[in-house]
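Undergrad: Using full-length UniProt numbering, read the sequence shown as starting at 1 and increasing by one per residue. Here a beta-carbon is modelled for each residue, glycine too, at the ideal position from N, C-alpha and C. Sharing a structure with you now.
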Amino acid sequence: MKGLILVGGYGTRLRPLTLTTPKPLVEFGNRPMILHQIEALANAGVTDIVLAVNYRPEVMVETLKKYEQEYGVSITFSVETEPLGTAGPLKLAEEVLKKDASPFFVLNSDVICDYPFKELADFHKAHGGKGTIVATKVDEPSKYGVIVHDLTTENLIDRFVEKPVEFVGNRINAGLYILNPEVIDLIELKPTSIEKETFPILVENKQLYSFDLEGYWMDVGQPKDFLAGSSLYLNSLSKKSPQKLVKDSEVDYEVVGNVLVDASAKINKGAKIGPDVVIGPNVVVGEGARITKSVVLKNSHIKEHALVKSTIVGWNCTVGKWARTDGVTVMGDDVAIKDEVYVNGGKVLPHKTIGANVETESIIM
Ligand code: GDD
Ligand code: MG
Numbered sequence: 001m002k003g004l005i006l007v008g009g010y011g012t013r014l015r016p017l018t019l020t021t022p023k024p025l026v027e028f029g030n031r032p033m034i035l036h037q038i039e040a041l042a043n044a045g046v047t048d049i050v051l052a053v054n055y056r057p058e059v060m061v062e063t064l065k066k067y068e069q070e071y072g073v074s075i076t077f078s079v080e081t082e083p084l085g086t087a088g089p090l091k092l093a094e095e096v097l098k099k100d101a102s103p104f105f106v107l108n109s110d111v112i113c114d115y116p117f118k119e120l121a122d123f124h125k126a127h128g129g130k131g132t133i134v135a136t137k138v139d140e141p142s143k144y145g146v147i148v149h150d151l152t153t154e155n156l157i158d159r160f161v162e163k164p165v166e167f168v169g170n171r172i173n174a175g176l177y178i179l180n181p182e183v184i185d186l187i188e189l190k191p192t193s194i195e196k197e198t199f200p201i202l203v204e205n206k207q208l209y210s211f212d213l214e215g216y217w218m219d220v221g222q223p224k225d226f227l228a229g230s231s232l233y234l235n236s237l238s239k240k241s242p243q244k245l246v247k248d249s250e251v252d253y254e255v256v257g258n259v260l261v262d263a264s265a266k267i268n269k270g271a272k273i274g275p276d277v278v279i280g281p282n283v284v285v286g287e288g289a290r291i292t293k294s295v296v297l298k299n300s301h302i303k304e305h306a307l308v309k310s311t312i313v314g315w316n317c318t319v320g321k322w323a324r325t326d327g328v329t330v331m332g333d334d335v336a337i338k339d340e341v342y343v344n345g346g347k348v349l350p351h352k353t354i355g356a357n358v359e360t361e362s363i364i365m
């Protein structure tokens, strides 16, 4: 089988992390976001994966090529000279996606869940339509594409409304599809939105169905959702692979709730970690430090008695002694927060040093 991952866009909503690393390579649960998807596709029997890219492909090629062997897949990069939106990239990759008559998967690169690809393929074959969208329920549907159903035929989509201004329902497009190759014939090679242009045609022709997702789902393309998504992911790990999480009885620091720590991290005695914390490779956490609902990326140092809460600490950062961060603070690469400084809701650009309190949400450049 075949799959295409939409990896374009500039990831602006996940700045300042995406100023130095393309969004799909930002570590989620200590692995590049996109690896979760590549692995799930490979597990469902996909052998050809196209990454549709329009921004800095070099870094991605370098990082991802090495996973071809590990997962037994062929990864090709389809590079756009201008952003082709969410449908144009399918046309550009036509050669791979149409190489046989089997349907192909399409994924938005920023969604996390327990990807149900096998079940999705079975469901798709059974109904006989040209496309199936994975659907999930959310409280705030206006940020997403909303699926409205035909009342007579179960799971046949009646209307698809991208980012509705008025409430039409709360079952939304989870950003995962399976489509028959002939759907590509509906798309021209130019910037095109699959949500606004292609889905309405399929709906009109009564060819688009939805498949209900079980379990957690999150679009982790913005900091608040990235942290919420991490909590959901850790909760799912605690049920499926609890051995991957830290047990309080096995370490000499204190662990509360779900905590994932890379084996190379060094957490000192007297630190208290959790709930909902991910600690990356080579991270050092000083004595008496307290970390909750946060993600700390590679090579960062949380010094003694610092309090890190609702924060994404980027790569190579330092949080000083007795410093405090909170309110969805995001630190870009190589940021330092000085001792005793308080940062609330700061988005700190790479290579900055913060020496004075930041009391309200702001961008620090
Ligand atoms: N290759 C390529 N080229 N990819 C692109 C481009 C482009 O020009 N523009 C966007 N993408 C990729 C993004 O990287 C992302 O993986 C995906 O397409 C969707 O774009 P987003 O910018 O993340 O869209 P969204 O989150 O506002 O809405 C989409 O996702 C929701 C679920 O999270 C829509 O598909 C909604 O209908 C859906 O509910
Ligand atoms: Mg998104």
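1) Per DSSP, which one or two residues make a beta bridge with Glu162?
2) Can you pull the DSSP bridge partners for Ser362?
3) Looking only at C-alpha atoms, which of Val296, Leu35 and Leu297 sits nearest to Lys66?
4) Tell me which residue opens and which closes the beta strand (DSSP E) that Thr198 is part of.
5) Distance, Cα to Cα, Lys247 vs Ala271?
6) Looking only at its chain, what residues have a beta carbon closer than 7 angstroms to the beta carbon of Lys224, apart from the 5 residues adjacent to it on each side?
7) Is Pro223 near ligand 1 - that is, is its Cβ less than 6 angstroms away from at least one heavy atom of it?
8) Take the Cβ of Arg15 as the centre, count every other Cβ of all protein chains shown within 10 Å, and call the residue buried at 16 or more, exposed below.
9) Tell me which residues share the same chain as Ala44 and place their Cβ nearer than 6 angstroms to its Cβ, disregarding the 5 neighbours each side in the sequence.
10) According to DSSP, simplified to helix, strand and coil, what is His36?
11) Sorry if obvious, but does the Cβ on Ala289 come closer than 6 angstroms to a heavy atom of ligand 1?
12) Please determine whether the Cβ atom of Thr132 lies at a distance below 6 angstroms from any heavy atom of ligand 1.
13) Out of Thr360, Tyr342 and Glu361, which has the shortest C-alpha to C-alpha gap to Ile354?
14) Roughly how many angstroms separate the alpha carbons of Ser102 and Gly215, rounded to a whole number?
TA: Reading off the structure:
1) Beta-bridge pairing links Glu162 to Gly145.
2) Paired residue(s): Gly346.
3) Minimum Cα-Cα distance from Lys66 among the listed residues Val296, Leu35 and Leu297 corresponds to Leu35.
4) For Thr198, there is no enclosing beta strand (DSSP E), since its DSSP letter is neither H nor E.
5) Within the model, the alpha-carbon separation for Lys247 versus Ala271 is close to 14 angstroms.
6) Counting only Cβ-Cβ distances below 7 angstroms, and skipping sequence neighbours, we find Val328.
7) It does not: the Cβ of Pro223 is nowhere closer than 6 angstroms to a heavy atom of ligand 1.
8) Within 10 angstroms of the beta-carbon of Arg15 lie 16 or more other beta-carbons, which makes it buried.
9) Here the set comprises Phe117 and Lys118.
10) Of the three classes helix, strand and coil, the one that applies to His36 here is helix, per DSSP.
11) No, since every heavy atom of ligand 1 falls outside the 6 angstroms radius drawn around the Cβ of Ala289.
12) The answer is no for Thr132.
13) When each option's Cα is compared against that of Ile354, the closest is Tyr342.
14) Their Cα atoms are separated by approximately 27 angstroms.
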